[in-house]
Amino acid sequence: MKYLLLLGLVVVGVASPQNRRSKSSSRSRSSGDVDGTNNGSEYHYSWVHDGGKERTHDSAVSYCNRLGGGWVPISIETSGENSFVTRVISQHKLDYIWTGGVKSGSNWRWLNGGSFRGLGWSPNGGFKRPQPDNREGDENCLAVLNNFYKDGIKWHDVACHHPKPIICERTA
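First residue of the sequence shown? That's 11 in my numbering, and the numbers climb one at a time after it.
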């Protein structure tokens, strides 16, 4: 009888930490859930999983990277993908999102190294000038804004410290 009791305590003691790890592991795995797909890519919408938390660009990039499993900030490389992102923003009634677009010197690039074509720049921003306009002097990150300047859902260069949600992307 003592042997069974001791064995039971050992099993409970060993199983408890594993259960805790398992819950934590399933939590981080569920944070990598796929919320949308388009043309060979899968997408994860941060606001669906974190209560709508907004992050600086650096923090948003880290959010995608911490998901693991190949998740990176979205790069909008085709007009079809741009239309997809526009629909997501509209359907979710978002004001804006971060992308993986950053300025290097005077050129724009995607953090994942994808081809940057500048498909969705707004014709006007805060100063009614075409984007990118570097209005704040340090607008080195690319956000997609939802009619912020009465211009529809368009790309804008934005200072990276502004908080926004992000769409993460990976190959399906």
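Quick reminder that beta carbons are idealized off the backbone N, C-alpha and C, glycines included.
The continuous beta strand (DSSP E) containing residue 117 extends over residues 117 to 120. In the structure shown, the three-state DSSP call for residue 51 is strand. Exposure of residue 123 is indicated by the presence of fewer than 16 other C-beta atoms within 10 angstroms of its C-beta. Contact between the region 153 to 163 and the region 69 to 83 is absent: fewer than 3 CB-CB pairs across the two stretches fall below 8 Å. Residue 112 holds the alpha-carbon nearest to the alpha-carbon of residue 127 among 112, 46, 145 and 135.
Per the Cβ contact rule, the region 131 to 139 is not in contact with the region 95 to 110 (fewer than 3 Cβ pairs under 8 Å). Taking 8 Å as the cut-off, the beta carbon of residue 65 is found closer than this to the beta carbon of residue 176.
Sorting 52, 47, 119 and 42 by C-alpha distance to the C-alpha of residue 180 places 52 at the top. In the same chain as residue 63, and ignoring 5 residues on each side of it, the C-beta atoms closer than 8 Å to its own belong to 56, 57 and 175, in chain order.
Here residue 107 carries a strand assignment [DSSP, helix/strand/coil].
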